[in-house]
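> Handing you this structure, nothing more for now.
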Amino acid sequence: MKKKPDLKAFKDPSNFLNGGAADIAEKDYTNKNKILEKALTQQKIFRLSVEVSNALKLHIAQTQVNTGIRTTETEIVEKLLRAYLGI
1 MKKKPDLKAF KDPSNFLNGG AADIAEKDYT NKNKILEKAL TQQKIFRLSV EVSNALKLHI
61 AQTQVNTGIR TTETEIVEKL LRAYLGI
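Residue numbers (the working numbering): 1 to 87.
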């Protein structure tokens, strides 16, 4: 019969069991504003015409090829809405 594993070498598992909140708090984030922005987002679901949806996908693909920087549909839509709303 095998014996129980020795858990003395492992860290306290309470961080894992509590959803890793303690691990997140321990990390050194260089851009705390970015974390705050992520925490203050809200999901919205929109239905767009196929024409607009395809044009958006094409624009993002071309932008990524030209700049080499990853861009998401959400980023583009948010920039456009901020400009439209004057935020």
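The beta-carbon is built from N, C-alpha and C at its ideal position, and this holds for glycine as well.
1) Note the first and the last residue of the continuous alpha helix (DSSP H) segment covering residue 85.
2) Excluding the five sequence neighbours on either side, which residues of its own chain have a C-beta within less than 8 Å of the C-beta of residue 70, listed in chain order?
3) Please classify residue 9: does DSSP put it in a helix, a strand, or coil?
4) What separation, rounded to the nearest whole angstrom, lies between the Cα atoms of residue 46 and residue 74?
5) Looking at the structure shown, is residue 40 part of a helix, part of a strand, or coil, going by DSSP?
6) To the nearest angstrom, how far is the alpha carbon of residue 72 from that of residue 60?
7) CA-CA distance, residue 78 and residue 66?
8) Starting from residue 57, trace the alpha helix (DSSP H) in both directions and tell me its first and last residue.
9) For residue 82, I'd like the list of residues in its chain whose CB is within less than 6 Å of its CB, leaving aside the five on either flank, ordered along the chain.
Judging by the given coordinates:
1) Taken as a continuous stretch (DSSP letters only), the alpha helix (DSSP H) holding residue 85 covers 73-85.
2) Excluding sequence neighbours, residue 70 sits near 64.
3) The answer is coil: DSSP assigns residue 9 none of H, G, I, E or B.
4) Distance between the alpha carbons of residue 46 and residue 74 is about 11 Å.
5) Here residue 40 carries a coil assignment [DSSP, helix/strand/coil].
6) Each residue's CA atom was taken as its position, placing residue 72 and residue 60 some 7 Å apart.
7) Distance between the alpha carbons of residue 78 and residue 66: 21 Å.
8) Looking at the DSSP string, the run of the alpha helix (DSSP H) that includes residue 57 is 50-67.
9) There are no such residues.
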